[in-house]
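Take 0 as the starting number for the sequence shown in numbering that gives the first Met the number 0 and just add one per residue.
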Amino acid sequence: MLFMRSLIQTINRLHPFDNRPFLHFVQRMNCLVIATLALAFPLLLSAQKHLTGTIDGADFIVDVPAEPSGNVMFIARGFRPDFFPVSPVYEVETDFYQTLLKEGWTIASTAFQSNDWVVAAGAEDILKLQAHIEAEIHPIRRAFVYGETMGGGVAVWLAENKAETFAGVLCLGAHLFPEPVQGQEISPTITDAFSLKPKLPIVFLANGAEMLSSQTYANQVAKTSVTPITWFIDRSGHVNVNSAERLAAMRALVGWSEGAAIAAVENGTITMNPNSTATLSGSAAAGAIRRLRPLYGNIYTSFVREDLESIGIQIGDTFLLSHRKQTHEITFAKAYSDVPYHAWVAFIDPEGYVQVSRNYANAAETIGAVKGDSLLFSKPSQQ
């Protein structure tokens, strides 16, 4: 296998030690990687139909399960800079979406018509997609909106203005303050795009300081039967919430829409502790790519925190990532913002695995990464 030969060459170059035991490990990599992938990549529950199209300039994706229940979740995506493609692509491979598909949910995502900061205009794109599904795909029994950051604002606008069309909205890290301007502090005042009169159940799910916007909105809404509920996740970072936490909040929202009692959750954190599947030898560890994030290029690996600790890497340290014939130096940190723009960074994602990224750059594209590829993490040799 060509990769194995290049890996051996990389090891010889990076680690000038007696590597015979490590070479034995490399020779077993074919079998070990296959075993790792079998554990790390359960078969995706493919939608029966993956439908795409364009409505009034807004591209869309509708994933329909084999046995649609009539429940539909509309995704209102977060803000993207101008240099990103205008795309409806979403992280369908995550457990959150896969579980919903398995349970019969149809998932619909719109790109919106541009990457501009939108609220009411984005809501109109969702309403048009909803009408399209009802007319052309299947009847809708209940519709919910899931919005991240800016998309959380789109979802809230719909809860205030189109209550007859939806059953509830789940907002993740909703940004309800004025549009951020680079170099300026964000005003902690709810923008006048919102009336503060929601007519639908709203669950605000957020982690760390990103709860401020949601909590400010909830505090200013008059206490009614549809007063928004806040669901706090005790974790730093940006929209740093795992699939189990999202599913728990979504199930609570659905229950609320059906008349069940609901209360604010002061700490809805669900800590994930996946087992190590890495192969360790001295100051190096071998693993694989579990999945890649579309558009952004984040690399989600099969490594866990203990793997880095086993080879002597702690928060703040740098280590080497070897992939095929490339090697990059990476900082092990807590968040993207811990490194300069375009620098490589690794941190523990909310699912408990090591995520490799570049701050404001595409890591997967940089190294030509493909899901299932083998990776080598190693500690730089001390000179």
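C-beta atoms are modelled at their ideal positions from N, C-alpha and C, and glycine is treated no differently.
Of the residues the options, which one's Cα is nearest the Cα of residue i?
| i | options | result |
| --- | --- | --- |
| Pro197 | Glu159, Glu308, Glu184 | Glu159 |
| Val303 | Gln354, Trp104, Ala217 | Gln354 |
| His237 | Asp337, Val88, Val63, Ser86 | Asp337 |
| Thr226 | Val168, Ala75, Ala332 | Val168 |
| Asp55 | Ala142, Lys48, His131 | His131 |
| Met149 | Thr190, Ala134, Gly182, Phe165 | Thr190 |
| Pro138 | Glu66, Ala368, Phe78, Ser282 | Glu66 |
| Ser113 | Tyr96, Pro87, Thr93, Phe95 | Pro87 |
| Gly207 | Lys222, Ile185, Trp230 | Trp230 |
| Ile329 | Pro379, Asp372, Glu308 | Pro379 |
| Lys48 | Ser186, Glu184, Phe78, Thr105 | Thr105 |
| Ser212 | Ser224, Ile185, Arg234, Gln97 | Ile185 |
| Ile261 | Gln183, Ala122, Thr223, Arg76 | Thr223 |
| Glu92 | Asp81, Lys101, Pro84 | Lys101 |
| Glu147 | Val85, Ser235, Asn239 | Asn239 |
| Asp62 | Pro339, His327, Asp372, Gly103 | Gly103 |
| Asp233 | Glu265, Ala345, Pro187, Lys324 | Glu265 |
| Leu307 | Phe318, Arg79, Gly182 | Phe318 |
| Ser235 | Ile312, Ser280, Phe346, Arg140 | Phe346 |
| Trp255 | Gln325, Leu199, Gln183, Pro187 | Leu199 |
| Ile60 | Val71, Thr109, Gly258 | Thr109 |
| His174 | Gly182, Pro187, Ala283 | Pro187 |
| Val180 | Val155, Pro80, Ala154 | Pro80 |
| Glu135 | Pro339, Thr51, Val85 | Thr51 |
Beta carbon of residue i, beta carbon of residue j: below 8 Å?
| i | j | result |
| --- | --- | --- |
| Leu320 | Leu374 | yes |
| Ala162 | Leu128 | no |
| Val228 | Val202 | Checking the sequence, you will find Ile at residue 228 rather than Val. Cβ atoms of Ile228 and Val202: closer than 8 Å. |
| Arg357 | Ala334 | no |
| Tyr216 | Thr300 | no |
| Glu209 | Trp116 | no |
| Ile288 | Ser377 | no |
| Ala192 | Gly151 | no |
| Ser219 | Leu195 | The identity of residue 219 in the sequence shown is Gln, whereas the question assumes Ser. For Gln219 and Leu195, yes; Cβs fall inside 8 Å. |
| Lys370 | Arg290 | yes |
| Asp348 | Phe331 | no |
| Phe111 | Asp94 | no |
| Leu171 | Ala205 | yes |
| Ala368 | His322 | yes |
| Ala119 | Phe143 | no |
| Thr98 | Leu126 | no |
| Arg140 | Ser68 | yes |
| Tyr145 | Ala251 | no |
Looking at the strands, I want to know which residues DSSP matches up with residue i.
| i | result |
| --- | --- |
| Ala142 | Val71 |
| Val385 | Residue 385 falls outside the range modelled here, since the chain spans only 0 to 382, and no answer is possible. |
| Thr330 | Thr317, Val344 |
| Val202 | Leu169, Ile228 |
| Val88 | The partner list for Val88 (beta bridge, DSSP) is empty, contrary to what the question assumes. |
| Gln214 | Answer is none; Gln214 lacks a bridge partner. |
| Lys196 | DSSP, once it has assigned bridges, lists no residue as partnering Lys196. |
| Asp55 | In DSSP, Asp55 forms no bridge with anything. |
| Ile60 | Thr51, Ser108 |
| Gln325 | His322 |
| Leu375 | Ala285, Ser321 |
| Ala368 | For Ala368, which the question treats as bridged, DSSP gives no partner whatsoever. |
| Arg357 | Trp343, Ala360 |
| Tyr299 | Arg290, Gln354 |
- Decide yes or no for the touch test of the segment 360-373 against the segment 249-269: beta carbon pairs closer than 8 Å, at least 3 of them. Counting Cβ pairs under 8 Å, fewer than three are found: no touch.
- Are at least three pairs of beta-carbons, each pair with one atom in the segment 272-280 and one in the segment 245-252, less than 8 Å apart? Touching, no.
- Task: Run through the segment 216-297 for me and flag every whole beta strand (DSSP E) of 3 or more residues, listed as ranges in chain order.
- Result: Counting only unbroken stretches of 3 or more residues, the beta strand (DSSP E) elements lying wholly within the segment 216-297 are 228-232, 278-280, 283-291, in sequence order.
- For the segment 104-159, list the beta strand (DSSP E) runs that are entirely contained and at least 3 residues long, ordered along the chain. Runs found: 105-109, 141-147.
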